[in-house]
Amino acid sequence: MTEQRVPCANAASPVSPRIIIHGGAGNITRTSIPRDRYNEYRTSLLNILDKAEKLLRRPGSTALDVATYAVSLLEDDPLYNSGKGAVFTREGKNELECSIMVSDGYSKRGVGCMLLRHVRNPIKLARELLIRGEEADGGGAADHCQYSGEFVEGLAKKWGLDIVDSGYFFTQKRWDEHQRGLADEKKKAEMGMSMNEMSDWEKDNYIPLGTCGAVVVDSFGNVCTATSTGGLTNKVPGRIGDTPTIGAGFWAGEWYDEKTVRPQMVYQPSASPASPIDKLSRGDIRGVVDDCIPFLRSPTVRGNVLSSTKPYEKPVSTRHAVGLSGTGNGDSFLRTCAARTTAARSQFSATSLSDATTWMAGPDGQLQRSAGKRWGVTHEGTGGIIGIELVGNKVNVVQDFNCGGMFRAWTDDDGSPRCLVFREEGWENGPKGWGDRPTARY
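Quick note: the sequence shown uses this note's numbering, first residue 8, plus one each step.
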């Protein structure tokens, strides 16, 4: 694997490193995720967070390396819809997707990969493509930002990444979901239902349709987002989702706010004119003559006069850096260009990234509204977003979702680990079933 460049210290002062990871969102309820399964996810997320956070705390660690490492661990865990736990297409194949993006530091900024069938850890390939983009020929990959299929897998093999037989990605649970989904489609056709319409079985079971991902900020102030997925269960072969599409399922970027201190003019009233008697008592004969014979008076400035002016000051520049990773129905993320739109709302409307994330992915947000009257009838609009916002050297971890739950874990402000599946701590505080989902307003 290639060595990345020494990062630049973009932040004005050291930044406290932070990380947030997710393992998917969707129809996650107490009915679809029993307590023992809930505990499995929680244990896995906290273990992965702990390993990634330890790497993040090492001197010189970069957001790129830590995000890649965290997602590779998620890819290796069959609990999640990526890597080893990827879902199947309608033809019973695995077609993996991934992406990585940094706020600054590399000319490509972001890379997406799709239709991968033999790279054990797709996210490691995305990292290689990003870093090798600094070479004259991109290490054989040129300067493109999206790649698919056999050619890029050939590069992965050439670069020494782990290549596996397609059977490596098989898990019985995902295969059973694949078979059940096909049978469900046949049943829907017999009943005259739309293929996209959710059956009662789908409402009572968690069918992975999301991704796994990580967003990291390092001590240098660099932000990286990394995302990986197997796509939608029983997607048509060749379908491309939001995960490898820059701006849809992921985004990272930075900008500067410049504020100039304008000059301030300070006016003070002139002193009240002295009377002729006062002037005479002070021996001011000229003043007395001026008062008696006005046309001989020297011109004076009456009223308020400018007493001082503050000079222009150097503009105050504040750096903003953000990273976002989405999960849910990828087609809805594509239609709304969800990640980039969220970041743009924060940048151009002076809105915090947290508020922008809720506006997009929270209950009754833009993702949900994009489904229209199909919300709750199909999987459309379902999703969640995690992210990190850096303003100056202040870090804020953000997250929101519009469905039953989202598997996520992060380091808190004081460095302590946090993990939630529902909005509140504990399996018993989650929604009971599909009927507890947020409603839409039109």
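Note that CB positions come from ideal geometry on N, CA and C, so glycine has one too.
Straight-line gap, residue i to residue j (C-alpha atoms, nearest Å)
i	j	result
Arg-65	Leu-71	14 Å
Ala-148	Arg-139	8 Å
Thr-385	Asp-419	35 Å
Ser-155	Pro-251	10 Å
Arg-376	Gln-153	29 Å
Gly-394	Thr-75	15 Å
Gly-103	Val-323	Reading the sequence as shown, one finds Leu at residue 103 and not Gly. Their backbone Cα atoms lie some 45 Å apart in a straight line.
Val-308	Lys-266	Summary for Val-308: the model assigns pLDDT 47, below 50, so the residue's position carries little reliability, and this model does not support an answer.
Leu-162	Arg-181	28 Å
Arg-326	Gly-228	10 Å
Ser-356	His-125	43 Å
Ser-332	Arg-97	26 Å
Thr-389	Gly-245	22 Å
Leu-62	Ala-221	14 Å
Trp-366	Ala-259	18 Å
Gly-442	Asp-407	19 Å
Pro-424	Thr-69	20 Å
Val-13	Trp-434	Confidence at Val-13 is low in this model, with a pLDDT of 46, below 50, so its placement is unreliable and the value that follows should be read with caution. Spanning the two alpha carbons is a distance of roughly 43 Å.
Arg-42	Val-22	38 Å
Gly-412	Glu-160	34 Å
Lys-210	Gly-67	46 Å
Asp-534	Ala-143	Residue 534 lies beyond the range of the chain shown here (8 to 449); nothing can be said about it.
Extent of the continuous beta strand (DSSP E) to which residue i belongs
i	result
Glu-104	103 to 109
Arg-425	424 to 427
Strand pairing of residue i, partner residues [DSSP]
i	result
Leu-189	Partner(s): none; Leu-189 has no beta bridge.
Gly-412	Gly-33
His-327	Trp-262, Val-398
Ile-392	Gly-333, Asp-407
Glu-220	Checking the displayed sequence, the identity of residue 220 turns out to be Gly instead of Glu. BP columns for Gly-220 point to His-29, Thr-234.
Thr-385	Trp-382
Gly-117	Met-108
Leu-123	Leu-103
Gln-153	Gly-119
Phe-257	Ile-253, Ser-332
Ile-170	Val-126
Trp-208	According to DSSP, Trp-208 bridges with nothing at all.
Trp-417	Ile-27, Arg-425
Thr-96	Lys-242
Residues near residue i in its chain [Cβ-Cβ closer than 8 Å; skip 5 each side]
i	result
Lys-195	Ser-201, Met-202, Glu-204, Ser-206
Ile-55	Ile-28, Ala-77, Leu-80, Leu-81, Asp-84, Ala-416
Pro-438	Thr-36, Arg-37, Gly-411, Gly-412, Phe-429, Arg-444
Trp-208	Arg-187, Asp-191
Host alpha helix (DSSP H) of residue i (start-end)
i	result
Gly-156	156 to 165
Arg-134	129 to 139
Arg-44	42 to 63
Arg-347	345 to 355
Trp-434	Note, Trp-434: premise wrong, no alpha helix (DSSP H); not H, not E.
Tyr-76	70 to 83
Ser-377	373 to 377
Thr-365	360 to 368
Residue from the options with nearest C-alpha to residue i
i	options	result
Pro-129	Thr-236, Lys-242, Lys-210	Thr-236
Asp-183	Met-413, Thr-348, Val-94	Val-94
Ala-345	Asp-150, Gly-174, Gly-391, Leu-216	Gly-391
Asp-191	Trp-166, Gly-228, Ala-221, Thr-240	Thr-240
Leu-137	Thr-232, Ser-51, Ser-359	Thr-232
Phe-158	Gln-375, Ser-173, Met-121, Arg-127	Met-121
Gly-330	Thr-50, Lys-100, Phe-257	Phe-257
Gly-90	Arg-97, Gln-406, Glu-98, Val-78	Val-78
Asn-46	Gln-179, Met-108, Glu-432	Glu-432
Ser-106	Gly-99, His-185, Ile-253	Ile-253
Thr-7	Val-22, Pro-24, Ile-26, Gly-31	Outside the displayed range of the chain (8 to 449) lies residue 7, so it cannot be described from this structure.
Phe-429	Arg-37, Arg-25, Ser-23	Arg-37
Gly-238	Val-223, Asn-88, Thr-389	Asn-88
Gly-174	Gly-99, Leu-53, Ala-59	Gly-99
Ile-247	Cys-426, Gly-119, Tyr-213	Gly-119
Pro-24	Arg-44, Ser-51, Val-73	Val-73
Ala-328	Asp-43, Val-109, Glu-142, Glu-160	Val-109
Trp-382	Thr-364, Cys-410, Asn-400, Val-405	Cys-410
Asn-400	Asp-225, Lys-193, Leu-189	Asp-225
Tyr-113	Asp-57, Cys-426, Arg-134	Arg-134
Ser-218	Gly-33, Ala-378, Asp-264	Here residue 218 turns out to be Thr, not Ser, going by the sequence shown. Here the closest residue by C-alpha is Gly-33.
Same chain, Cβ closer than 6 Å to residue i, neighbours up to 5 away in sequence not counted
i	result
Asn-403	Glu-396
Arg-127	Asp-169, Val-171
Met-198	none
Gln-354	Trp-262
Gly-146	Arg-139
Cys-426	Arg-49, Leu-52, Leu-53, Ala-416
Cβ neighbours of residue i in the same chain (closer than 7 Å, five flanking residues each side left out)
i	result
Ala-255	Asp-249, Phe-340, Leu-341, Cys-344, Ala-345, Ala-346
Tyr-48	Gly-30, Leu-86, Phe-414, Val-428
Thr-358	Arg-352
Asn-336	Leu-216, His-386, Glu-387, Gly-388, Thr-389, Gly-390
Thr-348	Met-367
Heavy atom of the ligand MN within 8 Å of residue i beta-carbon
i	result
Gly-383	Here there are no bound small molecules, and the ligand MN is not part of this structure.
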